[in-house]
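K.L.:
Sequence lines, in order, name chains A and B. Going letter by letter, the first sequence gives residues 955 to 1634 in the working numbering. Going letter by letter, the second sequence gives residues 177 to 262 in the working numbering.
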Amino acid sequence: MNVRNRFTTILCVVGFLSAGIFARAAYVQLVGDPRLDRMARRQFNSRLLVRPERGGIADRNGEPLAINTGVLSLAANPSKIKKPKAIARLLSKAIGVSESKFASRLADKKEFIWIKRHLTDSEIQRLEKWKIKDHDGVIEDGLILVKESRRVYPHGDSASHVLGSVNLDSEGIEGMELWGESHLQGKVVSITAIKDALGRPAFIDASAARSEENGLPIQLTLDTQLQYAVEQELRAAVEAHGAKGGSVIVMDASNGEILALANEPHFNPNIPGAPQANRRNRAITDGYEPGSTLKPIVVASALARGMKISDRIHGELGSIVIQGKRISEAEAHERFEWLTLGKMIQVSSNVVAAKLALKLGPDVLLNSLKTFGFGSKTQISFPGEISGILPPRKRMQPLTTANIGFGHGLLVTPLQMVRAYAAFANGGYLVQPTLLKSPQVLKGRGAPSIRSIFSPKIADEVSSALEGVVSVEGTGRKAAVDGYRIAGKTGTAQVVDPDTGKYSKNKYIASFVGYLVGTQKRLVFFTSVVEPRGVYYAGETAAPLFKRVVQAAVHRLSIPPTESVGLPEPARRANPPLSLQERVERATVSQAVPMKEQIFQEVERVVLEPITGELSQGESSIWKMPDLKGMTAVEALAVFGGRPVEVEIRGTGLVVLQNPPPGQQLREGDKVSLRMKDSP
Amino acid sequence: MKAWFPGWFFPLIVLFSIVTVWLRLEVVDTSYAISKTEATIRTLEEERKRSELKLSSLRSPKRLEALAKGKFNLRQPNADQVVHLK
């Protein structure tokens, strides 16, 4: 074959091949090939999972309690790591996990493995130090820095038992984080993106991306300020009594909103790994025998069945034997004879309570307890709530019935107790406790159930008896708060020893349940101290805690005093003298409202009378100095009602000396000196 | 040849090609600009979250109490030192 023929042959072959390629190209372009189409899509398209932002949790005033923040995590594609041993050594130095562990993980044939989720700032610094990552975020081949969202609780351990916590993937694992998971987590969407030559998403399906739904926020009924104050008081009480733990609940008796809920021991949800015992919300998930705090409920049941608060039952001089078991008063010296039902509450007689329970009978008693909500969940919308235990009817022997009379032989939760007492505070209505204020969350759940369980008259009668408990003669006198009417009941219950299955002789749960009487805001409180050492009586442990919690609540919620309970106040520390101007200025600054008149209207009784016909030159005035003796500092200041006189107060308590004396002229700009002294 | 392809045909094709390529490049550029702006938004959003966290930490009751007691030597008021407003 000569050269010309060879050339012609090659030209023909090339021509045929070209024609074939052209024909195939034309076919692919014009007709298409599903297989190639799929390959192209795989090459250029990618699916992105858009994770929504988890909804925040705030308190009743909008203060954030749980929010999200960005965090870096380190992942790897082992198949792309060129020097796995060297990388494992560097990672070990930066993150602090053994080199061999990293080496074995990097030997995996997977395309994606996590190295460390949620890197700390110091770990990131060490990654930069060991040249695994630079400041611009450029990272060693095969390693991947992933931006993630991390749940943060800005108030640390405050309200931790209510909030709960989340796992590394920001999924709720306990508390409100778990209960509100479906609401908080939002909706994950998968969207299509077209990658560029470097694999970066260049075109994103915008309409699909818009369908991403962030989690919705949840607003709780808690008040952060009050919550913190309550936690501090509880911690101090538990520490002071060397106790194992304790709980406090503050609830609005009118609507069941929980304003504060604290437990000891506590935990910080920002630090993972807290022991399970510390993470339990004992006020909702743990039961206890209520002891004497159940007595008012038994009395209310008796009143609802026609008995009178003045009806009397004999105290059997301190003990009674039922089915061979002796029921005694808490103190051996308590040898009561005839006690009215009201007095029984005040002195907390076990024998009379037991006899009252027997008089009511097991059926009435069990039905009454069920009516008060015992033995069933309160439906507070919190995971892990227990219903407590009421003995079955068939086991209600006389001894069981008698024991229930003074709060033994049944299991209740602190939340159930505070709800039962709320009925005394609000005129006989059983409210549904709630931690949720968010209308979105509550939407569709229907209105919270509130039902009348006894008449307002019964509530008043039991309240009067409970006020007696906080009187000088009552067992809960240390719960009294100066200036406020308090109704409440102490309860000291023995704890069953898990080793012996019998009541322990040295382990107790001391509790106090009570409420404010006569205030516009109807708050009900529960305080408990678990297994206090030394003095264990509720009157000495839970009652003082109750007092401090009430003080914190009335100060923070600005609940004005009702009246004095007439108890001697403990000695107060000396007050630095303050002028009227300073007082008004301080109050104005702290409350940010014009309030001179508001302050003084409320307590004004003695009026500063102008002296007729003696109006001074210019604008100054002359008044007759009133008698301020026996007044408190606030009352004395109220007399001057913001008039331009300087009032100097020395000491605390009531006014014992004043200058100028009563009846003398008082001119604008004059100085009034008041010496105070604590009443005996 | 002249009858099939008038003189303006090739310049028009070239012009269309240039416009098409230019448009394509503009789309790519705009996409990158959008991505960059979205990244800026994400960064600012992150900054906002950090600021919220900082603000919340700064006004936490625990910190305020520590400041009040430690720095300003304040203490909780006695009951008679509290003025309740109506």
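Every residue gets a Cβ at the ideal spot worked out from N, C-alpha and C, and that includes glycine. Here the structure is a predicted model, which is why all the values come from computation and not from measurement.
Any Cβ of chain B within less than 8 Å of the Cβ of His1109 of chain A?
P.N.:
True, the Cβ-Cβ gap to chain B drops below 8 Å.
K.L.:
Taking the straight line between their C-alpha atoms, what separation do you get for Leu1532 of chain A and Glu1602 of chain A?
P.N.:
In this prediction, Leu1532 of chain A has a pLDDT of 39, which is less than 50 and means its spatial position is unreliable; what the coordinates show is noted afterwards. Distance between the alpha carbons of Leu1532 of chain A and Glu1602 of chain A: 6 Å.
K.L.:
By the three-class DSSP mapping on this structure, what secondary structure does Thr962 of chain A have?
P.N.:
helix
K.L.:
Closest to Val1478 of chain A by CA distance: which of A:Lys1501, A:Tyr1457, A:Pro1486 is it?
P.N.:
A:Lys1501
K.L.:
Please report the distance separating the alpha-carbon of Thr963 of chain A from that of Asn956 of chain A.
P.N.:
11 Å
K.L.:
Identify, in the order they occur along the chain, each residue of the same chain with its Cβ nearer than 6 Å to the Cβ of Ile1404 of chain A, setting aside the five sequence neighbours on each side.
P.N.:
Tyr1383, Val1385
K.L.:
Within 8 Å of any Cβ in chain B, is that where the Cβ of Ile1277 of chain A sits?
P.N.:
Reading the sequence as shown, one finds Gln at residue 1277 of chain A and not Ile. Output row for Gln1277 of chain A: interface = no.
K.L.:
Quick test of your reading: Ala1447 of chain A and Glu1243 of chain A, contact by CB under 8 Å. State the CB separation rounded to the nearest angstrom.
P.N.:
4 Å
K.L.:
Considering only C-alpha positions, which residue in the set A:Ser1255, A:Tyr1457, A:Ile1212, A:Val1426 is nearest to Phe1408 of chain A?
P.N.:
A:Ser1255
K.L.:
On the premise that Ile1343 of chain A lies in contact with Leu1365 of chain A, defined as a C-beta separation below 8 Å, what is that separation, rounded to the nearest angstrom?
P.N.:
4 Å
K.L.:
Distance cutoff 8 Å, beta carbons only. Does Asn1015 of chain A sit that close to anything in chain B?
P.N.:
no
K.L.:
Determine which residues of the stretch 242-261 of chain B have a Cβ less than 9 Å from any Cβ of chain A, and write them out in chain order.
P.N.:
Arg251, Gln252, Pro253, Asn254, Ala255, Asp256, Gln257, Val258, Val259, His260, Leu261
K.L.:
Check this for me: beta carbons of Ile1276 of chain A and Pro1352 of chain A, under 8 Å apart or not?
P.N.:
A distance below 8 Å separates the beta carbons of Ile1276 of chain A and Pro1352 of chain A.
K.L.:
Restricting to Cα atoms, I'd like to know which of A:Ala1197, A:Glu1167, A:Ile1203, A:Gly1199 is closest to Val1184 of chain A.
P.N.:
A:Ile1203
K.L.:
Listing by chain order, which chain A residues have their CB less than 9 Å from the CB of Glu222 of chain B?
P.N.:
Thr1023, Gly1024, Lys1101
K.L.:
Chain A beta carbons: is any one of them nearer than 8 Å to that of Leu201 of chain B?
P.N.:
no
K.L.:
Mind checking Tyr981 of chain A: buried by the 16 CB within 10 Å criterion, or exposed?
P.N.:
exposed
K.L.:
Please report how far the alpha carbon of Val1252 of chain A lies from the alpha carbon of Glu1427 of chain A, in whole angstroms.
P.N.:
21 Å
K.L.:
For Met1178 of chain A and chain B, any beta-carbon pair shorter than 8 Å?
P.N.:
Looking at the sequence provided, one finds Thr at residue 1178 of chain A rather than Met. Answer yes: the Cβ-Cβ gap between Thr1178 of chain A and chain B drops below 8 Å somewhere.
K.L.:
Considering Cα atoms alone, identify which of A:Lys1475, A:Tyr1490, A:Leu1470, A:Pro1018 is closest to Val1449 of chain A.
P.N.:
Measuring from the Cα of Val1449 of chain A, the nearest candidate turns out to be A:Tyr1490.
K.L.:
Counting only C-beta atoms, is Pro1018 of chain A closer than 8 Å to chain B at any point?
P.N.:
yes
K.L.:
For Arg1289 of chain A, which residues from the same chain have a beta carbon less than 8 Å from its beta carbon, with the 5 sequence-adjacent residues on both sides left out?
P.N.:
Gly1269, Leu1271, Gly1272, Glu1283
K.L.:
Could you check whether the Cβ of Thr1175 of chain A sits closer than 8 Å to any Cβ belonging to chain B?
P.N.:
no
K.L.:
Answer with yes or no whether the minimum CB distance from Phe212 of chain B to chain A is below 8 Å.
P.N.:
Note on residue identity: the sequence assigns Lys, not Phe, to residue 212 of chain B. The beta-carbon of Lys212 of chain B is placed no less than 8 Å from the nearest beta-carbon of chain A.
K.L.:
Here's the rule I'm using: 16 or more other beta-carbon atoms within 10 Å means buried, otherwise exposed. How should His1287 of chain A be labelled?
P.N.:
exposed
K.L.:
Which of the three DSSP states, helix, strand or coil, is assigned to Trp1068 of chain A?
P.N.:
strand
K.L.:
Pick from A:Gly1338, A:Lys1249, A:Ile1274, A:Lys1309: whose alpha carbon is nearest that of Gly1241 of chain A?
P.N.:
A:Gly1338
K.L.:
Give the interface partners of Leu229 of chain B over in chain A, defined as CB-CB distance under 7 Å, in chain order.
P.N.:
Ile1021, Thr1023, Val1106, Pro1108
K.L.:
Quick one: using the 10 Å Cβ neighbour count with 16 as the cut-off for buried, is Thr1332 of chain A buried or exposed?
P.N.:
buried
K.L.:
Considering only the alpha carbon of each residue, which of A:Ile1148, A:Gly1126, A:Gly1200, A:Gly1169 lies closest to Lys1141 of chain A?
P.N.:
A:Gly1169
K.L.:
Who pairs with Trp1292 of chain A in a beta bridge, going by DSSP?
P.N.:
Beta bridge pairing from DSSP links Trp1292 of chain A with A:His1268.
K.L.:
Identify which residue in A:Met1350, A:Val1306, A:Leu1582 has its Cα closest to the Cα of Val1318 of chain A.
P.N.:
A:Met1350
K.L.:
With respect to the alpha helix (DSSP H) encompassing Asp1414 of chain A, which residues constitute its N-terminal and C-terminal limits?
P.N.:
Segment 1410-1423, the alpha helix (DSSP H) holding Asp1414 of chain A.
K.L.:
Just to confirm, are Val1435 of chain A and Thr1429 of chain A a CB contact at a threshold of 8 Å?
P.N.:
no
K.L.:
Taking 6 Å as the limit between beta carbons, can you name the residues of its chain near Gly1296 of chain A, skipping five residues before and five after?
P.N.:
Ile1263, Ala1419
K.L.:
Counting only C-beta atoms, is Pro182 of chain B closer than 8 Å to chain A at any point?
P.N.:
Pro182 of chain B does not count as touching chain A.
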